[in-house]
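This is the structure:
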């Protein structure tokens, strides 16, 4: 599945402007594709004859919905979907021109080597890359090689489904031995608002220190942004206190009885209450 194809004049045609029963050519493999979709299904191109060697052939409906969602966040004049980069033989999912950013969506398994090579290729073209990983494959209890590599690079997760429902989110996890031993609730990220970190004047949780040292990009609503803007985010102070308590407990630091009580209270009482209240706010604030 793909959202763009070439017509017989080698012009780039979006699926929303294409016609059914007309022949088009795939951006990657050059094979024949046609339009399908309509009122109840997003319009997209499909290969008339399956070409399993073409990466665009393997795109899922979730993948297309994530691309469409990202496109809706940005100015149409400043955003290009499925833009070819012939100099590195790549086709980027979503390109934010003015920011020199590429959002790369990944719903299926991928190797660490491919993630690393793709990132390097786009940087050669002068673009930074933000990875969006679908949680049907990623953010599970065991990290894959690609996720291990991306710990030092900007990435977020998504649960956007075939109907386009869901969010892009950040999520704290305590990782040890390649296993997510403990995860906290997701927080929604707004990828149309890059943020700049202020000078560090307060003590940071260890995982935020690692992020600030390695991630080149941050966005509104992610854990870095929420930490520095706790006054504007409900329950943010409690959220980060809980993270610090998790880090201290997992790192084997001896806790006082008072600290143990606070940790247990946060885990079993405050956290469920916070989740219920957060769902209430999200439901009635829209």
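Residue numbers (this note's numbering): 486 to 771. Using N, Cα and C, we set each Cβ at its ideal position, and we do this for glycine too. All values reported here derive from a predicted model rather than from experimental measurement.
- By the criterion of a C-beta distance shorter than 7 Å, residue 690 is surrounded in its chain by 725, 728, 729 and 732, once the five residues flanking it on both sides are discounted.
- One alpha carbon belongs to residue 540, the other to residue 513, and they sit about 8 Å apart.
- Residue 706 is a Cβ neighbour of residue 674, given a cutoff of 9 Å.
- In the three-state scheme derived from DSSP, where H, G and I count as helix and E and B as strand, residue 526 is classed as coil.
- Just measuring C-alpha positions, the residue of 587, 619, 535 and 709 sitting nearest residue 556 is 587.
- For residue 516, the secondary structure class from DSSP, reduced to helix, strand or coil, is coil.
- With fewer than 16 neighbouring CB atoms inside 10 Å of its own CB, residue 563 falls in the exposed class.
- Contact check for residue 665 and residue 626: beta-carbon distance about 5 Å, within the 8 Å limit, so the pair qualifies.
- Residue 721 is bridged by DSSP to nothing; it lacks a bridge partner.
- Note on geometry: alpha-carbon atoms of residue 614 and residue 573 lie some 15 Å from one another.
- Sequence-distant Cβ neighbours of residue 654 in its own chain, meaning closer than 8 Å and more than five residues away, are 641, 642, 643, 644, 671, 672, 673 and 674.
- Spanning the alpha carbons of residue 676 and residue 527 requires a straight line of approximately 22 Å.
- Each of 703, 660 and 579 was checked against the Cα of residue 488, and the nearest Cα belongs to 579.
- Beta bridge pairing from DSSP links residue 575 with 570.
- A distance below 9 Å separates the beta carbons of residue 519 and residue 505.
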